[in-house]
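Residue numbers (our numbering): 52 to 197. Glycine included, each C-beta is placed from N, C-alpha and C at the ideal position. Please read the structure below before turning to the comments.
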Amino acid sequence: MQRKSRLFLDTSAILAGLNSPTGAAGVIIAACISGDITPIISPQVIEEAERNISSKFPLLADAWRSFLLIPLRVTKKPTVSQVRKAYALLPTSDAPILASAIAAKPDALVTWNTKHFLRPIVLEAVRFPILTPGDFLARFLKNRLS
């Protein structure tokens, strides 16, 4: 039996999955719901998702509440030291999310925020792949079929 993938999901991937259930991010959300993937999120992801759903995507509110009911792991809020280290790699408001992902030691971080998270300095510093939903799904399916 294969071990379940532990996947850190950032806000962009979650919102994309809730908004488009048949897209790659939606398939990942479905795999989380079915128990094939263990989702990991941070308090900052929750805050950011709730803020964006409230202001931009109110029709996703019910889907978001349902997502929060699945067995998922919520990390602890990162320490100031962890955020500072992440900010050195990613000097944006996403530093706390990166800090939480690093502390969680996931199998991968899935994001649509390619501008920030896929910078070479970030990719070289972390010990897990940072992938778009489609790239993760391709790897996940390849591993399942091999």
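**OP:** Quick one: give me the first and last residue of the alpha helix (DSSP H) that V134 is part of.
**Re:** According to the DSSP assignment, V134 belongs to the alpha helix (DSSP H) that extends over V131 to L140.
Original post:
When the cut-off is 8 Å and only beta carbons count, does L141 lie next to chain D?
Top reply: Although the question refers to chain D, the structure presented lacks it and comprises just one protein chain.
Original post:
Using the C-alpha atoms, what's the distance from S117 back to I148?
Top reply: Inter-residue distance for I148 and S117 is about 22 Å (C-alpha atoms, whole angstroms).
Subject >> DSSP bridge partner residues for R57 (one or two, in chain order) >> reply: Residue pairing from DSSP places R57 in a beta bridge opposite T89.
Original post:
What is the DSSP secondary structure of V161, reduced to helix, strand or coil?
Top reply: In the structure shown, V161 falls within a strand segment according to DSSP collapsed to helix, strand and coil.
Original post:
What residue does the alpha helix (DSSP H) around T183 start on, and which one ends it?
Top reply: Run containing T183: none; DSSP gives neither H nor E here.
Subject >> Among F59, S63, A146 and I153, nearest to W163 - alpha-carbon criterion >> reply: Here the closest residue by C-alpha is S63.
**OP:** Output yes or no for whether 8 Å exceeds the beta carbon distance between I88 and S56.
**Re:** Their beta carbons are under 8 Å apart, which means I88 touches S56 by this criterion.
Original post:
Run through DSSP, which three-state label would R190 get?
Top reply: Assigned with DSSP and collapsed to three states, R190 falls in helix.
Original post:
Short check: CB of A154 to CB of P180, under 8 Å?
Top reply: It is not a contact, given that the beta carbons lie outside the stated cut-off.
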